[in-house]
Amino acid sequence: MRAVLQRVTQGAVRVGDEQLGAIGPGLVILLGVHASDTPQDAAWLARKAAGLRIFEDIDGKMNLSLLEVGGAALVVSQFTLYGDARRGRRPSFTDAAPPEVAAPLVDAFCELLRAEGVAQVETGRFQAMMLVEIHNDGPVTILLDSDLSRRGNVKD
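When we follow our numbering, the leftmost residue of the sequence shown carries the number 439, and every step to the right adds one.
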């Protein structure tokens, strides 16, 4: 799984005129699922996202996690995170999980964030054309990839 974490002052997601989710301070998480991902990937990523120290403390240092600041999360599924544009001009999305694999893992990730202690977890709508509003704070943007953790290149 891949996640782009953006520290935000606020974020929202819409489908047409319907607002599906909105948050104040916290993280907008753009989440992509690889065809080989498992629930273990979702668990690692949820734990990492909830505990990553990317919020400022009183001294202005990035020392606090989403949990420590009581922030919210807005999770938006995004298969395009597995777009491969190394060849040609049109990305290939063959590495992205098919919907029947991806949807349950996105749901599991959201539940695992809640289990980690994130009180407010909002979501978009799987496979919908969404408009995402992101007020990136900093800007702070972090890329996480659970595949690297499986290969032993990343420590918890």
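We put the beta carbon where it would ideally sit given N, CA and C, even for glycine.
None of the values given here were measured: they were computed from a predicted structure.
With respect to V556, L519 sits apart: the two C-beta atoms are not nearer than 9 Å. Of all alpha-carbon atoms in K499, G459, G464, P536, the one lying nearest the alpha-carbon of A450 is that of G459. For G562, the CB contacts under 6 Å within the same chain, skipping 5 residues up- and downstream, are V451, L458, V514, M568 in chain order.
Between the C-alpha atoms of A535 and F517 there is a straight-line separation of about 8 Å. The straight-line gap separating the alpha-carbon atoms of E494 and R527 is approximately 40 Å. The Cβ-Cβ distance between E571 and Q448 falls below 9 Å. Proximity to C548 across Q478, S474, A484 peaks at A484, based on C-alpha coordinates. With a cutoff of 9 Å on beta-carbon distance, L581 and R440 are scored as near each other. Taken in chain order, the complete beta strand (DSSP E) segments of 3 residues or longer contained in the stretch 476-558 are 500-502, 510-515.
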